[in-house]
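Residue numbers (the numbering used here), protein chains in the order written: chain A, 1151 to 1366; chain B, 1151 to 1366.
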C-alpha cells in the first residue's frame, strides 16, 4: 500500500507514548519461550514498541516511547525508546524481546537515563518521574467516554504540536495514576472508537490520527 | 480505555481480510525460535491474526481472515480463520504460531476446507479460488493513491455492508494479483493515510473505520 513518508520537516512535533506495565518485570528474567507468562505481560509492551516505531519502510523518528515497568525487584524502572536513534528494530516479538533483555541488564541506579543499545535507555523512574517529559507537549489519556479523537483540536496547541499519550495496559490505570495524569498533569480524556482495544492497536490508531492532522 | 462492544446485532455485516503471504511456508516447518526467517515471514501473518480478531476483552466474531500462503512445497494453501468459531486465541506471536503449526499439519488435498482447531481450517486454495468468498461483499484493496478511507461510502453497499479487504504483505501484490483483484473483482483502491504501514497495522485501522461507520 502507500509508502510515501515525509522524513524531513524541521522541528517535527514529537509524539510521546507512555505505557504503564503494572506487572512487567524490571529484571532481564523473562524467557523468550514464554514472554507473556514469565515477563508479567512484557509481550504487550513489545507490541507497543512495534506499533510506536515500525513503518512499512523504516522507523518513525519523531516518536518516543516510555515503558514504565512496575513488576519485580527493581521496580519502578522505565525503558525509554527514541525513534531518532533506534537501530536493529524489527516488528517481531522475538527481535524486540532480545533488545529489551539487553536494556533490562543495563544498570539503572537512579533518575539518569543509562543507554543500553542505540536509542534505548533505562532509569529507575516511575510515572511521577516523567513529569518533565510529558509537560513538553499537550497530554492526552485514552479513556472510555473521552472525546472522540476525530473531534480533537489539531492546531499546534492540540494534536498538531508535541503530544504525550497515556495508554493503559491490560490492567488499565490505578486511581493514583489517574489522579496524577488527569488532575496534576491535565491530560485530556480521549476515546478512539466504540470498541475496547489492546494498547498497541491504540497506538497504531493514534499515529494515524496524527499523520492525518499533520498532513495538510 | 473503552470497553463497550456491541456483540449482538442480527445479521452483523461480515468483515473479510485477505492477506497474501508470497513466501509464507505451507508446511508446519517453521521454528518458534525464528518464525520470520524459517517461516517465510509468517510473523507478519501472525500479527495480522491478532489485528483481525483480538479486542481488549474478547474476539471479533464478525470477521474472517484468509491467509493465502504461496511458499514451500504445498503451495498454494489458504488458512481460513473465522471469528465466530475461534477459541484459544491470544495476541502474542508464540500462541498464534502454535495454532498455525497445527493448521499447517492438517491435510488439505483439495478445495474443501478442512478444520484443524476451532475456527481454523485449511484448503489447497490460491487467490483465484477465493472468488466465491470475496464476491459476497464490496471489495477494497489497499493501495497508495487510492481514495482516502475517510471518504468511502458507508452505506450497506459500501463500508456499511459485507466487505472484503485485500492487504499486501511486505512483497506487495504481483501484477497478476492486481489484475485479478482490481479488474476481475472490481476492488476499489483505498488508502489509509500518508504513511506506508505494515499489514497488521492496516487491519487495525480498517477495523476502526468500520467500527465508526457502523456506530450510528
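Positions of the beta carbon are idealized from the N, C-alpha and C atoms, including for glycine. In this text the structure is predicted, and so the values were computed from the model without any measurement.
Please report whether the beta-carbon of residue 1362 of chain B lies at a distance below 7 Å from any beta-carbon of chain A. Answer yes: the Cβ-Cβ gap between residue 1362 of chain B and chain A drops below 7 Å somewhere.
Short Cβ contact (7 Å threshold) for residue 1289 of chain A with residue 1335 of chain A: Cβ atoms of residue 1289 of chain A and residue 1335 of chain A: closer than 7 Å.
Does the region 1193-1200 of chain A come into contact with the region 1239-1250 of chain A, if we say contact requires no fewer than three beta-carbon pairs (one atom in each stretch) closer than 8 Å? With a cut-off of 8 Å, the region 1239-1250 of chain A and the region 1193-1200 of chain A count as touching, because enough Cβ pairs lie within range.
Determine whether the Cβ of residue 1266 of chain A lies closer than 7 Å to any Cβ atom of chain C. In the structure shown, chain C does not exist; the protein chains are A and B.
Answer with buried or exposed for residue 1228 of chain B, where buried requires no fewer than 16 other C-beta atoms within 10 angstroms of its C-beta. The residue in question, residue 1228 of chain B, is buried, as its Cβ has 16 or more Cβ neighbours within 10 Å.
The region 1295-1307 of chain B contacting the region 1259-1267 of chain B, beta-carbon criterion three pairs below 8 Å: With the cut-off at 8 Å, the region 1295-1307 of chain B and the region 1259-1267 of chain B do not touch.
Please report the residue range of the alpha helix (DSSP H) in which residue 1336 of chain B lies. Where residue 1336 of chain B is concerned, there is no enclosing alpha helix (DSSP H), because DSSP gives it neither an H nor an E.
Classify residue 1191 of chain A as buried or exposed, calling it buried when 16 or more other Cβ atoms lie within 10 Å of its own Cβ. Buried, since its Cβ has 16 or more Cβ neighbours within 10 Å.
Any C-beta of chain B under 7 Å from that of residue 1157 of chain A: Residue placement at residue 1157 of chain A is poorly supported in this model, since its pLDDT is 42, which falls under 50; the coordinates are not used for a value here.
CA-CA distance, residue 1250 of chain A and residue 1178 of chain A? Approximately 8 Å, taken between the alpha carbons.
Coarse secondary structure for residue 1246 of chain A, derived from DSSP in three states: In the three-state scheme derived from DSSP, where H, G and I count as helix and E and B as strand, residue 1246 of chain A is classed as helix.
Interface residues of chain A facing residue 1162 of chain B [CB-CB closer than 9 Å]: Neighbours of residue 1162 of chain B on chain A: none; closest Cβ ~13 Å, over 9 Å.
Cβ of residue 1328 of chain A less than 7 Å from any chain B Cβ? Answer no: the Cβ-Cβ gap between residue 1328 of chain A and chain B never drops below 7 Å.
So with CB distances below 7 Å, who are the chain B contacts of residue 1354 of chain A? Result: 1351, 1354, 1355.
Going along chain A in order, which residues have a C-beta closer than 7 Å to the C-beta of residue 1365 of chain B? Here the neighbours are 1344.
Taking C-alpha atoms, which residue in A:1348, A:1225, A:1258, A:1354 lies nearest to residue 1208 of chain B? Residue 1208 of chain B has its Cα closest to that of A:1348, out of A:1348, A:1225, A:1258, A:1354.
Taking residue 1162 of chain A as the reference, give the member of A:1213, A:1353, A:1258 with the closest Cα. Of the listed residues, the one whose Cα sits closest to residue 1162 of chain A is A:1213.
Would you mind working out which of B:1172, B:1260, B:1314, B:1354 sits nearest residue 1165 of chain B, comparing C-alpha positions? Comparing Cα positions, the closest option is B:1314.
Give a yes or no on whether 7 Å exceeds the smallest Cβ distance from residue 1273 of chain A to chain B. With 7 Å as the cut-off, residue 1273 of chain A does not count as an interface residue toward chain B.
With 16 other Cβ atoms within 10 Å as the buried cut-off, status of residue 1232 of chain A: Label assigned to residue 1232 of chain A: buried.
Taking beta-carbon pairs under 7 Å, can you tell me which members of the region 1202-1214 of chain B lie near chain A? Result list: 1204, 1205, 1206, 1207.
Entirely enclosed beta strand (DSSP E) segments - the region 1250-1335 of chain A, minimum 3 residues: Taking only runs of at least 3 residues, the beta strand (DSSP E) segments lying wholly in the region 1250-1335 of chain A are 1270-1273, 1288-1298, 1313-1317.
Using the three-state DSSP reduction, which class does residue 1347 of chain A fall into: helix, strand or coil? Here DSSP, grouped into helix, strand and coil, assigns residue 1347 of chain A to coil.
May I have the straight-line CA-CA distance separating residue 1176 of chain A from residue 1361 of chain A, to the nearest angstrom? Distance from the CA atom of residue 1176 of chain A to the CA atom of residue 1361 of chain A, rounded to whole angstroms, is 33 Å.
Got a sec: is the Cβ-Cβ distance from residue 1193 of chain A to anything in chain B below 7 Å? Residue 1193 of chain A counts as touching chain B.
Residue 1172 of chain B and residue 1321 of chain B closer than 7 Å at C-beta: Pairing residue 1172 of chain B with residue 1321 of chain B gives a Cβ-Cβ distance under 7 Å.
I think residue 1293 of chain B touches residue 1339 of chain B, with their Cβ atoms under 8 Å apart; what is that distance to the nearest whole Å? Between residue 1293 of chain B and residue 1339 of chain B a beta carbon distance of about 4 Å is seen, short of the 8 Å cut, so the two are scored as contacting.
In chain order, what residues of the region 1174-1186 of chain A put their CB closer than 9 Å to some CB of chain B? From the region 1174-1186 of chain A, only 1182, 1183, 1184, 1185, 1186 have a Cβ closer than 9 Å to chain B.
Endpoints, the alpha helix (DSSP H) within which residue 1186 of chain B is located: Per DSSP, residue 1186 of chain B belongs to the alpha helix (DSSP H) from 1185-1188.
Tell me the residue span of the alpha helix (DSSP H) that contains residue 1420 of chain B. This structure cannot settle anything about residue 1420 of chain B, because the visible part of chain B is limited to 1151 through 1366.
Check whether chain B comes within 7 Å of residue 1243 of chain A, counting only Cβ atoms and requiring the distance to be less than that. By this cut-off, residue 1243 of chain A is an interface position.
Per DSSP, the bridge partner or partners of residue 1173 of chain A: Bridge partners of residue 1173 of chain A: none, in fact.
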